[in-house]
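Novice:
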Amino acid sequence: MIGILPAMSSPISRDDVAHVARLARLELSSDELDRFTDQLGAILEHAADVEALDVTDIEPMHHPVPMSNVMRPDVVVPSLDRDEVLAQAPAAEAGQFRVPPVLGEA
Amino acid sequence: MTREAVVEPVLPEGWELVVGCEVHCELATATKLFCGCRNGFGDEPNRNTCPVCLGLPGSLPVLNEAAVAFAMQLGRALGSTVRGSVFARKNYFYPDMPKDYQITQYDQPTNVDGFLELPTGARVTIERAHIEEDTGKSTHVGGSGRIHDASYSLVDYNRAGVPLVEIVSAPDIHTIDDAKAYVAELRAILVTIGVSDAKMEEGSMRVDANVSVRPAGSDELRTRCEVKNINSIRSLGRAIEYEARRHIDLYNSGQAPRQETRHWDEANGRSTSGRSKEDSEDYRYFEEPDLLPLDATADEIAAIDDAMPPLPAGRRRLLTDAGVDAASAVILVDRGHDHFAAETIRVGGEAALVARHLVHNLPDGPGEVDPAALAALVEMESTGALSSTQAKTVLAELAASGGEPSAVAAAHGFEAMDTGELEGILDDLIAAHPDEWTRFVEGDRKVQGFFVGQIMAATKGQADGKVVNQLMQARLAG
Ligand SMILES: [Zn+2]
């Protein structure tokens, strides 16, 4: 998901880390960027060790629990009390959450 | 949302339209996709929320089996391969999505490789139809009501987590009429199989159009723009035309459109620029760890196919095979009157007349008429026992209060006019209008209408126009 890894030395660039941090709405200092680039690089290097294994005949696993089709019946259960829900919000109005003006698409 | 016959707007010569549609439809389940909150349109804001659909920490999604069943039914109705699937997280921040990610399907959707056959015969490939959750609904308040001037927004999470299927077509659509027909056909299928009420005006069916243009004859795919906020089939046509012309104007002036999302503004008949489309990489999709994979067994798929009701394309074909013209077949199937039409034809009604009466004289359905009665009425009309005007009158009464066509016709005094009586009236008319008759004999067919009209007036509409025409032709031959 991080894109093309730069060759050798560091498996992830400082720019990649800054980009991912921005997407995650994290504000990182210059020191933090350096530190996390090293740390994430180490994690990726560790993950890359798996590439040394021959997995030709091994089915990819989607989930550690070997189950599928875990579903519930389509039956309505009571929802939360609206006043209680809205009381958790920083601001509410007319039964709705009040948020700063949003830009972009609705 | 009926199909309208319109004159196709023509793009400037030398350009071809390329359109793909992304249609989101809300599934008509009782509850949301991952929690037991009610899935209801028009409820008071935020009445249907819980820790799962509010994205509260520690809550876990549990998949709704009805949503999965509906999605698989839809997939089969679209001729798709239904297969095992995996849910994924699509990460982005927006106030109408409280978890800060949307649970959707990414590289392993439930339905792939389908198609839709349009009434025109065009075939549109459907690349995928995947399951995902809807977002909440935000309303912009303050300022002029436009997003940029809003002083704040209000968010209602009733819709957050409502099950959707997103149906993605290939860029196979090359005319505005076909784009409209595609959406109309999709809607007809959704309603037929009962998995969505597919109301564009209520937002339970939402259409985004990916529009680009290319030089006619080329097969390149140029930069496309995704037009959103289209809320009727009519505005789909307008939005596509506007966007295509905008692209052509840009190319003609040596520029090019940039890939972006645009918002259709129906009131002003134009689209405005939204955000530049994020790279899919920026959504940082990954498999949803809180949900297990879905399997689809051959038995399940066979059971879905067995239970599939007749679909619109097949229903139209049934009518055209029985002798109904293609345009009437489209209308009858859209209105759900096709079964009645087929039954009437089966018990002996002449296809063309049956279709004409149902399309033009019974737009709201047959009412109290049964197929046998309509077939009998059509028979009386085609043998000349009733004129078409009389048949229409009898039909209206049958639709309102039932009964036998012959009895209703008799009650109106609609006896078939004796041909001898008509001959007599014609003799009188020829004597009274010798000049007109001479013109008719010399080949001026326009005066034929004059004589038919005079005979209709003399008989107070009881004469059958067809019979009168035959009598006049017979005089020419004789
Ligand atoms: Zn809920």
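As you go down the protein sequences, you meet chains Y and Z in turn. Under this note's numbering, the first residue of the first sequence carries the number 22, and numbering increases by one thereafter. Under this note's numbering, the first residue of the second sequence carries the number 57, and numbering increases by one thereafter. The C-beta atom is built at its ideal place from N, Cα and C for all residues, glycine as well. These numbers were taken from a predicted model, which means no experiment stands behind them.
1. Would you give the residue range spanned by the beta strand (DSSP E) that L220 (chain Z) belongs to?
2. Can you have a look at I64 (chain Y) and say buried or exposed, based on whether 16 or more other CB atoms are within 10 angstroms of its CB?
3. Tell me the DSSP secondary structure of R280 (chain Z) in three-state form.
4. Round the Cβ separation of A216 (chain Z) and G250 (chain Z) to the nearest angstrom and send it over; I've been treating them as touching at under 8 Å.
5. Do you know how far the Cα of A411 (chain Z) is from the Cα of T47 (chain Z)?
6. Whose CA, out of Z:Q446, Z:N525, Z:V79, lies closest to the CA of R262 (chain Z)?
7. Quick one: is R94 (chain Z) near chain B, going by C-beta distance under 8 Å?
8. Any contact between the stretch 265 to 277 of chain Z and the stretch 303 to 315 of chain Z? By contact I mean 3 or more CB pairs, one from each, below 8 Å.
9. So that I know if they touch, is there some Cβ in chain Y lying closer than 8 Å to that of H196 (chain Z)?
10. Given a threshold of 16 other Cβ atoms within 10 Å of its Cβ, counted over all protein chains shown, does Y162 (chain Z) qualify as buried or as exposed?
11. Measuring from each Cβ to the nearest heavy atom of ligand 1, keep the ones under 5 Å and list them in chain order.
12. Below 9 Å between beta carbons is the criterion; list the residues of the stretch 88 to 105 of chain Y that meet it against any residue of chain Z, in chain order.
13. For R52 (chain Y) and R103 (chain Z), I'd like the C-alpha separation in whole angstroms.
14. Measure the C-alpha to C-alpha separation of V497 (chain Z) and D483 (chain Z) and round it to an integer number of angstroms.
15. Is it the case that the stretch 90 to 103 of chain Z contacts the stretch 273 to 282 of chain Z, given that we only count it when at least three CB pairs across the two stretches are under 8 Å?
16. Going along chain Y in order, which residues have a C-beta closer than 8 Å to the C-beta of E406 (chain Z)?
17. Looking at chain Y, which residues of the stretch 109 to 121 of chain Z have a Cβ within less than 8 Å of any of its Cβ atoms?
18. Please say whether V508 (chain Z) and V524 (chain Z) have beta carbons closer to each other than 8 Å?
19. What does the alpha-carbon distance come out to for the pair S225 (chain Z) and K448 (chain Z)?
20. Could you tell me whether any Cβ in chain Z is nearer than 8 Å to the Cβ of R56 (chain Y)?
21. At the level of alpha carbons, what is the spacing between D362 (chain Z) and K236 (chain Z)?
22. Is any beta-carbon of chain Y found at less than 8 Å from that of D190 (chain Z)?
23. For the stretch 176 to 187 of chain Z and the stretch 85 to 97 of chain Y, state whether three or more C-beta atom pairs, one from each stretch, are separated by less than 8 Å.
24. Here's the rule I'm using: 16 or more other beta-carbon atoms within 10 Å means buried, otherwise exposed. How should V386 (chain Z) be labelled?
25. Do P349 (chain Z) and H84 (chain Y) have their beta-carbon atoms positioned less than 8 Å apart in this structure?
26. From S457 (chain Z) to V450 (chain Z), what distance separates their C-alpha atoms?
27. Which class does Q529 (chain Z) belong to by DSSP, given the choice of helix, strand or coil?
28. Would you call the CB atoms of R145 (chain Z) and E344 (chain Z) closer than 8 Å?
29. Apart from the five residues on each side of it in sequence, which residues of its chain come closer than 7 Å, Cβ to Cβ, to E437 (chain Z)?
30. So with CB distances below 7 Å, who are the chain Z contacts of G116 (chain Y)?
31. Could you tell me whether the stretch 166 to 176 of chain Z touches the stretch 127 to 134 of chain Z, using the rule of 3 or more Cβ pairs below 8 Å?
32. Which word fits I25 (chain Y), buried or exposed, when buried means at least 16 other C-beta atoms lie within 10 angstroms of its C-beta?
33. Determine the burial state of G76 (chain Z): buried for a count of at least 16 other Cβ atoms within 10 Å of its Cβ, exposed for fewer.
34. From T328 (chain Z) to A295 (chain Z), what distance separates their C-alpha atoms?
35. Do H393 (chain Z) and P421 (chain Z) count as a contact pair if the criterion is CB distance below 8 Å?
Specialist: The relevant details are as follows:
1. 219 to 225
2. exposed
3. coil
4. Contact flag wrong, Cβ pair sits at about 24 Å.
5. Limits of chain Z in this structure are 57 at one end and 534 at the other, which puts residue 47 (chain Z) out of reach.
6. Z:V79
7. In the displayed structure, chain B is absent; the protein chains listed are Y and Z.
8. yes
9. yes
10. buried
11. Z:C91, Z:C93, Z:C106, Z:V108, Z:C109
12. M88, S89, N90, V91, M92, R93, P94, D95, V96, V97, V98, P99, S100, L101, R103
13. This sequence places Asp at residue 52 (chain Y); Arg is not what is there. Distance between the alpha carbons of D52 (chain Y) and R103 (chain Z) is about 46 Å.
14. 14 Å
15. no
16. Chain Y residues near E406 (chain Z): none, gap ~47 Å exceeds 8 Å.
17. L110, V118, L119, N120, E121
18. yes
19. 44 Å
20. no
21. 30 Å
22. no
23. no
24. buried
25. yes
26. 11 Å
27. helix
28. yes
29. L409, S444, A447
30. E100, P101, N102
31. yes
32. Summary for I25 (chain Y): the model assigns pLDDT 48, below 50, so the residue's position carries little reliability; its value from the coordinates is reported in the next sentence. Classification for I25 (chain Y): exposed.
33. buried
34. 11 Å
35. The question names Pro, yet the displayed sequence has Gly at residue 421 (chain Z). Yes.
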